[in-house]
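Top line first, the protein sequences correspond to chains A and B.
Just so we're on the same page, our numbering is the position in the first sequence counted from 1, plus 819.
Just so we're on the same page, our numbering is the position in the second sequence counted from 1, plus 819.
Beneath this line is the structure, given in structure tokens, with notes to follow.
Number of protein chains: 2
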Amino acid sequence: MSDAQASEIEKPKVVTSRYALRVVVQSVHSEGKTIGLVPTMGALHEGHLSLVRESVRECDFTIVTIFVNPIQFGPSEDLSRYPRTLDMDLELLAEHHVDLVFAPPRQEIYPEGFSTYVTPPSVAEPLEGKRRPGHYRGVATIVLKLFNLVPAHIAYFGQKDYQQALVIRKMVCDLDLPIRLEVCPTVREPDGLAMSSRNRYLTDAQRRQATALSQSLNQAAEMVAAGESDSARILQAMRETLESAGISRIDYIALTDPETLEDTAKVVPETMALVAAYVGDVRLIDNRRIG
Amino acid sequence: MSDAQASEIEKPKVVTSRYALRVVVQSVHSEGKTIGLVPTMGALHEGHLSLVRESVRECDFTIVTIFVNPIQFGPSEDLSRYPRTLDMDLELLAEHHVDLVFAPPRQEIYPEGFSTYVTPPSVAEPLEGKRRPGHYRGVATIVLKLFNLVPAHIAYFGQKDYQQALVIRKMVCDLDLPIRLEVCPTVREPDGLAMSSRNRYLTDAQRRQATALSQSLNQAAEMVAAGESDSARILQAMRETLESAGISRIDYIALTDPETLEDTAKVVPETMALVAAYVGDVRLIDNRRIG
């Protein structure tokens, strides 16, 4: 942890170039400090901050990256309107005693002629991978680049993006990346809605509707607790919950193996439930273990 | 350099598991030594050994990897008959004071379920990329893995595989890999034939034919030196040289920009000539600057 902790809260050092980042990282390494990395797209909320707290607790030096990664957005997705709240983000990170923020411009990460990508592992194919072609290619590529730019000891991701965490974990394994991953629990609003930067898009009415996602997951867990194990019946009940809240544009509801994300016909203790649906034109995702 | 240098020549330490490799590498790193990496597929010749000598000269600790990378071979290529000469390789590496050899079995590098790949940069597309679909995907993936397994300061490659060096250099740049590359000159037999593990396949008669590749490159350089700059005329002369040596199965002859590998109509000082052709059923490649 930096001197920022000892003095009054001040904004963390922000670097925008890879060169400046390397200079700091090399100096931190040479002091033998452990580095924690929290990659974000900014628009920080309690979910991100829980990762930051974990990194600050476990590592000597915490680096948060803020970069809205264009290559993980599809052509019809919300890249241009994705919330950018850098000043507020920096205040929050200062309060959490983050040591360094890397907030590069797009050209620093994808200069003219950039053309090398990571083809993500097969677990990237179902669910989000099917609905968002190219999304995990973009995620895997930026995460690999960040891991190379910030040779951290531990990188922190949220369980909220469950499939993303699986994709990154498998990439780390397949490509022999020398980094440890920690996947931290989803942080929820009091009414159960999973924290997401995209929640800011919701109107008050949509915000109320949106609780149906976590409700449908809880309902699935309750059905399992009450003895139900037939996936089809659980999926049907989840769909009715979403629809009765007025959510009709459902991308997927799935009960799957927790590692392969293959659909499971019978719920077992490890089974995951995952849901993606539009509330108005805002696409939200959520998941939980239901076994 | 290891103790091997001080004592009688003894075979270098060989490790076959990623775990054993990491243990050694971490200890070398903690001593503050610089590490040189020479990735090979074995069947070592003077070309490889020139890379090894350069690494031993420049770095404190030299690691040579020997791994015939299956994913860079096409289904109709020579994976199964590719020469394996491990004992002789180890003797040569001992004579050159290599500190560590990493010679993993296939399963150690590509365990069951492996499914993450590098999509190589666009410079991988022409020439070899067109004739050997998937080749550079395999090369980029294994090289990235080796760079992660052996966090070396410098990695050594041969100019003989000119496009490969460009692909790796661009990958290193695009993915922000913290490693320096050195591309060393092609080593040739006295009659000009570029050293290659595949030269072992050649019969005596084919071996004599094979010199036509480097002859055609030299001829191009001589034409340029004599004032010729029209690519079409140079290419025609090169083709005739190959064909009059009995080489009729020509994959490509190209005069290109040295960075993009795009064909050039007029030769300039940086222009590269590249050739790929079959001598019998042995596919050989060669290149040189002709401007």
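Backbone N, C-alpha and C fix where the C-beta goes; we use that ideal spot for every residue, glycine too.
Name the one or two DSSP bridge partners that residue i has.
i, result
"residue 1094 of chain A", "A/1072 and A/1105"
"residue 882 of chain A", "A/856 and A/919"
"residue 938 of chain A", "B/936"
"residue 843 of chain A", "According to DSSP, which records beta bridges pairwise, residue 843 of chain A is partnered with nothing at all."
"residue 784 of chain A", "Residue 784 of chain A is absent from the model: chain A starts at 820 and stops at 1110."
"residue 834 of chain B", "B/921"
"residue 947 of chain A", "Residue 947 of chain A pairs with nothing; no bridge assigned."
"residue 1007 of chain A", "A/1013"
"residue 1082 of chain B", "B/1075"
"residue 980 of chain A", "In the DSSP output, where bridge partners are listed per residue, residue 980 of chain A has none listed."
In whole angstroms, give me the CA-to-CA distance for residue i and residue j.
i, j, result
"residue 878 of chain B", "residue 1032 of chain B", "34 Å"
"residue 857 of chain B", "residue 991 of chain A", "23 Å"
"residue 1088 of chain A", "residue 1053 of chain A", "15 Å"
"residue 822 of chain B", "residue 833 of chain B", "Any reading at residue 822 of chain B is ruled out, since the residue's pLDDT is 48, under 50, leaving its predicted position unreliable."
"residue 1003 of chain A", "residue 863 of chain A", "15 Å"
"residue 826 of chain B", "residue 921 of chain B", "Reliability fails at residue 826 of chain B, whose pLDDT of 48 lies under 50, so the model's placement of it is uncertain and the value that follows must be treated cautiously. If I take the Cα positions, the gap works out to 22 Å."
"residue 958 of chain A", "residue 868 of chain B", "39 Å"
"residue 952 of chain B", "residue 971 of chain B", "29 Å"
"residue 1039 of chain B", "residue 938 of chain B", "33 Å"
"residue 830 of chain A", "residue 875 of chain A", "15 Å"
"residue 1013 of chain A", "residue 1110 of chain A", "20 Å"
"residue 1067 of chain A", "residue 1061 of chain A", "7 Å"
"residue 1073 of chain B", "residue 1069 of chain A", "53 Å"
"residue 941 of chain A", "residue 1079 of chain A", "8 Å"
"residue 929 of chain B", "residue 993 of chain A", "8 Å"
"residue 918 of chain B", "residue 1025 of chain B", "37 Å"
"residue 964 of chain B", "residue 975 of chain B", "15 Å"
"residue 977 of chain B", "residue 985 of chain B", "11 Å"
"residue 1082 of chain A", "residue 1042 of chain A", "18 Å"
"residue 1084 of chain B", "residue 870 of chain A", "56 Å"
"residue 1049 of chain A", "residue 906 of chain B", "59 Å"
"residue 1090 of chain B", "residue 1008 of chain B", "24 Å"
Measure from the alpha carbon of residue i to the alpha carbon of each residue in the options, then state which is nearest.
i, options, result
"residue 950 of chain A", "A/1015, A/963, A/1006 and A/892", "A/892"
"residue 909 of chain A", "A/928, A/859 and A/874", "A/859"
"residue 904 of chain A", "A/1019, A/1055 and A/1062", "A/1019"
"residue 962 of chain B", "A/982, A/996 and A/962", "A/996"
"residue 848 of chain B", "B/925, B/880, B/916 and B/1037", "B/880"
"residue 1105 of chain A", "A/989, A/1015, A/1046 and A/889", "A/1015"
"residue 1100 of chain B", "B/866, B/897, B/882 and B/840", "B/897"
"residue 1092 of chain A", "A/948, A/1075, A/1084 and A/861", "A/1075"
"residue 861 of chain B", "B/1051, B/946 and B/883", "B/883"
"residue 1058 of chain B", "B/836, B/1095, B/940 and B/982", "B/1095"
"residue 1010 of chain B", "B/1001, B/989 and B/1034", "B/1034"
"residue 966 of chain A", "A/1102, A/911, A/841 and A/1097", "A/841"
"residue 888 of chain A", "A/926, A/1086, A/980 and A/1036", "A/926"
"residue 969 of chain A", "A/845, A/954 and A/915", "A/845"
"residue 1077 of chain B", "B/870, B/1107, B/916 and B/1028", "B/1107"
"residue 1097 of chain B", "B/1017, B/1045 and B/943", "B/1017"
"residue 933 of chain B", "A/873, A/870, A/1081 and A/988", "A/988"
"residue 955 of chain B", "B/974, B/973, B/979 and B/983", "B/983"
"residue 835 of chain A", "A/870, A/851 and A/886", "A/886"
"residue 1046 of chain B", "B/979, B/978, B/1086 and B/923", "B/1086"
"residue 998 of chain A", "A/1055, A/853, A/838 and A/837", "A/853"
"residue 1064 of chain A", "A/1027, A/1022 and A/912", "A/1027"
"residue 915 of chain A", "A/865, A/902 and A/890", "A/865"
Quick check on residue i: does DSSP put it in helix, strand or coil?
i, result
"residue 973 of chain B", "strand"
"residue 996 of chain B", "coil"
"residue 1039 of chain B", "helix"
"residue 1013 of chain A", "strand"
"residue 900 of chain A", "coil"
"residue 1087 of chain B", "coil"
"residue 1002 of chain B", "strand"
"residue 1023 of chain B", "helix"
"residue 906 of chain A", "helix"
"residue 1100 of chain A", "coil"
"residue 821 of chain A", "Bear in mind that the predicted position of residue 821 of chain A carries a pLDDT of just 49, short of 50, making it unreliable; the figure below should be weighed with that in mind. Looking at residue 821 of chain A - three-state DSSP - the assignment turns out to be coil, as it is neither helix nor strand."
"residue 826 of chain A", "Low confidence applies to residue 826 of chain A: its pLDDT is 48, below 50, so where it sits in the model is not reliable enough to give any reading."
Cβ of residue i within 7 Å of any heavy atom in the ligand PLP?
i, result
"residue 882 of chain A", "What this structure holds is no ligand at all, so the ligand PLP is not there to describe."
Using a C-beta cutoff of 8 Å, does residue i count as contacting chain E?
i, result
"residue 855 of chain A", "As a matter of chain content, chain E is missing from the structure shown, whose protein chains are A and B."
For the stretch 836-856 of chain B, which residues have a CB atom closer than 7 Å to at least one CB atom of chain A, in sequence order? Taking 7 Å as the Cβ-Cβ cut-off against chain A, the residues of the stretch 836-856 of chain B that qualify are 837.
Any C-beta of chain A within less than 8 Å: which residues of the stretch 915-928 of chain B qualify? Within the stretch 915-928 of chain B, no residue has a Cβ that lies closer than 8 Å to any Cβ of chain A.
Interfacial residues, the stretch 987-1020 of chain B to chain A, with Cβ spacing under 7 Å: From the stretch 987-1020 of chain B, only 989, 990, 993, 994, 995, 996 and 997 have a Cβ closer than 7 Å to chain A.
Of the residues that make up the stretch 935-947 of chain B, which ones have a beta carbon closer than 7 Å to any beta carbon in chain A? Cβ contacts with chain A come from 935, 936, 937, 938, 939, 940 and 941.
Contact residues within the stretch 961-982 of chain A, judged by C-beta distance below 8 Å to chain B: Cβ contacts with chain B: 963, 964, 967, 968 and 970.
Pull out every residue of the stretch 879-898 of chain B whose Cβ sits closer than 8 Å to any Cβ of chain A, in chain order. Answer in chain order: no residues at all.
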